[in-house]
Amino acid sequence: MILNNLKALIIHLAVCLVSIIIYRMFHSVQIDWVSAHFEQRHHLIMIATACVSVLIAISLYYICANRLLAKQDSLPKAFMSTGFVAAAGAVFWLNAVSFNFLSVGGTIFNSKLWMFYGFYNMHSFYLIDEFSIENAYVLLIFSLLPSVAMGFGLHHKKKEIKQL
26 MILNNLKALI IHLAVCLVSI IIYRMFHSVQ IDWVSAHFEQ RHHLIMIATA CVSVLIAISL
86 YYICANRLLA KQDSLPKAFM STGFVAAAGA VFWLNAVSFN FLSVGGTIFN SKLWMFYGFY
146 NMHSFYLIDE FSIENAYVLL IFSLLPSVAM GFGLHHKKKE IKQL
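All you need for the working numbering is the position in the sequence shown, starting with 1, plus 25.
See the structure below:
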């Protein structure tokens, strides 16, 4: 189970690296818009791209866990063997929340601690950026996505057939 958690963390960091590359591809330059119409159209395209990027990240978590992690007997064990990624994300979140006061409704203030949290959850950063999500409690959900996707990928792993 410990080895699965370490592998899950490596998978998470690899998917975050892929997400950084995707984010940089679409946000490499700032464009000065001629009209608000084109700016709105571009924003809608970027939102769609951000949603697709999160779906790709979730798929990568699922597939990598299915292929690379050791099979667990039950769904709770599968989630426990990938839970370190969510626990680390929750620690980053708790650190940012406890040292950065929230306004009414959980809206975050600009803080460097939230930047570390964003880098750890780079798989969702593109979506967070495009939707301008500033509610700290909503951001916590993004820490759980990798572990949930890997847990289901691990749970649905096919049993290996022993050959004689």
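We put the CB at the ideal spot given by N, CA and C, even for glycine.
If you're wondering where the values come from, they're calculated on a predicted model, not measured in any experiment.
Neighbourhood of residue i by C-beta distance below 6 Å, restricted to the same chain and skipping five residues each side
i	result
L152	A75, V79
A115	S168
L100	H180
Bounding residues of the alpha helix (DSSP H) (the contiguous stretch that carries residue i)
i	result
S106	Run containing S106: none; DSSP gives neither H nor E here.
F167	161-180
A95	No alpha helix (DSSP H) contains A95, which DSSP labels as neither H nor E.
S149	147-156
N125	No alpha helix (DSSP H) holds N125; DSSP gives it neither H nor E.
Local conformation of residue i per DSSP, three classes
i	result
I83	helix
M26	coil
S136	coil
H62	helix
Same chain only: Cβ atoms within 7 Å of residue i, ignoring 5 sequence neighbours per side
i	result
I83	L170, A174
M26	M105, S106
Minimum C-alpha distance to residue i - residue among the options
i	options	result
L85	V122, L42, F141, S123	L42
Y162	V122, L138, G176, N30	V122
### Query
Between the region 133-149 and the region 32-46, are three or more C-beta pairs nearer than 8 Å?
yes
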